[in-house]
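Colleague: Questions regarding the structure given below will be posed in turn.
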Amino acid sequence: MSSTAAQSSGKPARRTNHIHVSFGERAFTFFNYLFFTCLGLTTLFPFLNLIAKSLSSEEAVVSGMVNIIPIDIQFGTYRFVIEDSMFLNSMKISLIVTVVGSLLALLMTTLAAYPLSKSRLRGRKFFILMYIFTMLFSGGLIPIYLLMSNLHLLNKLPVLFLPAMINVYNMLIIKNFFEGLPDSLEESAKIDGASNLRILFGITIPLSLPVLATITLFYAVQFWNDYFHALIYINTPELKPMQLYLKELFVTSSDVFLRDNIDAAMNVSPQSIQAASIMLGTLPIVIVYPFLQKYFVKGTLTGSVKE
Numbered sequence: 020m021s022s023t024a025a026q027s028s029g030k031p032a033r034r035t036n037h038i039h040v041s042f043g044e045r046a047f048t049f050f051n052y053l054f055f056t057c058l059g060l061t062t063l064f065p066f067l068n069l070i071a072k073s074l075s076s077e078e079a080v081v082s083g084m085v086n087i088i089p090i091d092i093q094f095g096t097y098r099f100v101i102e103d104s105m106f107l108n109s110m111k112i113s114l115i116v117t118v119v120g121s122l123l124a125l126l127m128t129t130l131a132a133y134p135l136s137k138s139r140l141r142g143r144k145f146f147i148l149m150y151i152f153t154m155l156f157s158g159g160l161i162p163i164y165l166l167m168s169n170l171h172l173l174n175k176l177p178v179l180f181l182p183a184m185i186n187v188y189n190m191l192i193i194k195n196f197f198e199g200l201p202d203s204l205e206e207s208a209k210i211d212g213a214s215n216l217r218i219l220f221g222i223t224i225p226l227s228l229p230v231l232a233t234i235t236l237f238y239a240v241q242f243w244n245d246y247f248h249a250l251i252y253i254n255t256p257e258l259k260p261m262q263l264y265l266k267e268l269f270v271t272s273s274d275v276f277l278r279d280n281i282d283a284a285m286n287v288s289p290q291s292i293q294a295a296s297i298m299l300g301t302l303p304i305v306i307v308y309p310f311l312q313k314y315f316v317k318g319t320l321t322g323s324v325k326e
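To convert, note that position 51 of the sequence shown is 70 in the working numbering; the numbers rise steadily by one, no gaps.
In structure tokens, the structure reads:
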């Protein structure tokens, strides 16, 4: 009756769609939220503990009272770390290696991915297999060390980023992204007389900013966190990056060394100095990540899944 009256009056009948959610589905959703919340807190806990230790007094840290809340807050630890010339120098080296290495690696990876994304390239499958082969097998540490020595790169800054110019996994992501771009754009550009480099830098790269921003973040994190190359190739203290400085601060340097360099009036402990150094060492990547985060998921998914 109501629908008939609605039709006769010219007004559409209202339809109320109620989606019934069972108790099992609600319980499953609740435990999903609970599980991932707990998982996120477990990853956040170490950072909160480091921040609390870096801000707490010596007595609180040594006695083991500090958990995630600072006790007797002081900022002497950060003043001590910032005034340390070795810390500042290692920060400078890491910044140079990360910026220069990421830009050069992104350029080399893009230049390798672009021709491999074109089916007209002769021997394309062979070259791709060569790249994939290097993902599975390598010459080993000793041959690479001898190569760096013969190239006279030991104890020189370029040795920290030149051996890692092309990451094959990153190259394949960019290649798959390039393959998804319309061929008509390149064809129309060629009709206008554009060269391959003009097409790459004028059309392809501007359309590929999401995946390139993602790969830039991958390379930046890789270069910033790398200490193995510095451990093997660098013996000069002035060229040691941040991660090697932190490694030596924890492994090589003893509490006695730190205590001899800490002013008694500062009321800080060696553990607080180590915690503050770690926090300041991760700060640059934490600052950069929010600017690239919006491209992160889009670039990874688009470059990894080929339609």
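Backbone N, C-alpha and C fix where the C-beta goes; we use that ideal spot for every residue, glycine too.
Identify which residue in Ile151, Gln93 and Lys266 has its Cα closest to the Cα of Ala17.
Modeller: Summary: the structure shown does not reach residue 17, with the chain confined to residues 20 through 326, and so no result is reported for it.
Colleague: Would Ile192 and Glu205 be called neighbours here (beta carbons separated by less than 7 angstroms)?
Modeller: For the purposes of this step, residue 192 is taken as residue 173 along the sequence shown, with counting starting at 1. For the purposes of this step, residue 205 is taken as residue 186 along the sequence shown, with counting starting at 1. In this structure, Glu205 does not lie closer than 7 angstroms to Ile192 by Cβ.
Colleague: May I ask you to verify whether the stretch 113–130 touches the stretch 177–195, counting CB pairs closer than 8 angstroms and requiring at least 3?
Modeller: Flag = yes, the stretch 113–130 and the stretch 177–195 touch.
Colleague: By DSSP, does Lys137 sit in helix, in strand, or in coil?
Modeller: In the sequence shown, residue 137 corresponds to position 118, counting from 1. If DSSP states are grouped into helix, strand and coil, Lys137 belongs with coil.
Colleague: On a CA-only basis, which of Pro256, Gln293 and Trp243 is nearest Val305? Give me that one, please.
Modeller: Here residue 305 is taken as the residue at index 286 of the sequence shown, counted from 1. It is Trp243.
Colleague: Are the Cβ atoms of Ser109 and Met261 separated by less than 7 angstroms?
Modeller: Position 90 of the sequence shown, counting from 1, holds the residue named residue 109. Position 242 of the sequence shown, counting from 1, holds the residue named residue 261. In contact: Ser109 and Met261 (Cβ atoms closer than 7 angstroms).
Colleague: How should Ile234 be labelled, buried or exposed, when 16 other C-beta atoms within 10 angstroms of its C-beta is the threshold for buried?
Modeller: Mapped onto the sequence shown, residue 234 falls at position 215. By the 10 Å Cβ count, Ile234 comes out buried.
Colleague: Smallest Cα separation from Asp91: which of Gly83, Glu102 and Leu74?
Modeller: Mapped onto the sequence shown, residue 91 falls at position 72. If we check each option's Cα against that of Asp91, Leu74 comes out closest.
Colleague: When you compare only the Cα positions, how much space is there between Tyr308 and Ser157?
Modeller: Taking the sequence shown and counting its residues from 1, one reaches residue 308 at position 289. Taking the sequence shown and counting its residues from 1, one reaches residue 157 at position 138. Approximately 31 angstroms between the Cα atoms of the pair.
Colleague: Using a 10 Å radius around the Cβ and a threshold of 16 neighbouring Cβ atoms, would you call Ala46 buried or exposed?
Modeller: Taking the first residue of the sequence shown as position 1, residue 46 is located at position 27. The residue is exposed, with fewer than 16 neighbouring Cβ atoms inside 10 Å.
Colleague: By DSSP, does Met190 sit in helix, in strand, or in coil?
Modeller: Against the sequence shown, residue 190 aligns to sequence position 171. If DSSP states are grouped into helix, strand and coil, Met190 belongs with the helices.
Colleague: Measure the Cβ-Cβ separation of Met190 and Ala132 and say whether it is below 7 angstroms.
Modeller: Locating residue 190 in the sequence shown gives position 171, counting from the first residue. Locating residue 132 in the sequence shown gives position 113, counting from the first residue. For Met190 and Ala132, yes; Cβs fall inside 7 angstroms.
Colleague: Return helix, strand or coil for Lys259, following the three-state DSSP convention.
Modeller: Counting from 1 along the sequence shown, the entry for residue 259 is found at position 240. Reduced to three states, the DSSP call for Lys259 is coil.
Colleague: Should Met149 be labelled buried (16 or more other beta-carbon atoms within 10 Å of its own) or exposed?
Modeller: In the sequence shown, the residue the question calls residue 149 occupies position 130. That one is exposed.
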